[in-house]
Structure formats: structure tokens, C-alpha cells
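Remarks on the structure that follows.
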Amino acid sequence: MPQMSPLLWAFLFILFSFMLFSSFMKNYFSMQNKPVLNQEKNNFKKQTFFIKWMW
Numbered sequence: 156m157p158q159m160s161p162l163l164w165a166f167l168f169i170l171f172s173f174m175l176f177s178s179f180m181k182n183y184f185s186m187q188n189k190p191v192l193n194q195e196k197n198n199f200k201k202q203t204f205f206i207k208w209m210w
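Quick note on the working numbering: the sequence shown kicks off at 156 and runs consecutively.
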């Protein structure tokens with residue numbers, strides 16, 4: 156596996172951070188909407204699983 160450049164690692168880190176942050180903000184603003192909240196929780200689980208798979 157070729158070594159990845161630090162710039163690419165930084166880009167991936169920012170991308171994942173933004174994904175998780177936007178998911179968290181959607182959860183925070185849709186607390187009164189339970190179905191949407193459950194859907195966001197499922198999306199969050201998928202994202203965390205994808206991140207674990209990437210590592």
C-alpha cells in the first residue's frame with residue numbers, strides 16, 4: 156500500500172469531521188421529530204462503521 160500524503164489525510168479527517176458534525180447538528184435540531192432522529196441515528200451508525208472499516 157503506497158504511503159498517503161499528509162495533505163490527503165488532513166482532507167479525509169476534515170471530511171469525516173464535517174460529516175459527523177452535520178449529522179450531530181441535524182440530531183440536535185430535530186429532537187422534536189422522532190422518526191427523523193431515528194433515521195439520523197442509523198446514518199450515524201453507518202458513518203461510524205464506515206470510519207472503522209477505513210481504519
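C-beta atoms are modelled at their ideal positions from N, C-alpha and C, and glycine is treated no differently.
Going by DSSP in three states, M220 sits in which element: helix, strand or coil?
Any question about residue 220 goes unanswered here, given that the chain covers just 156 to 210.
Under the three-state reduction of DSSP, which class applies to M180: helix, strand or coil?
Correct three-state label for M180: helix.
Kindly give me the distance between the Cβ atoms of F204 and S178, rounded to whole angstroms, as I take these residues to be in contact under 8 Å.
With a beta-carbon spacing of about 13 Å, F204 and S178 fall beyond the 8 Å limit used to define contacts.
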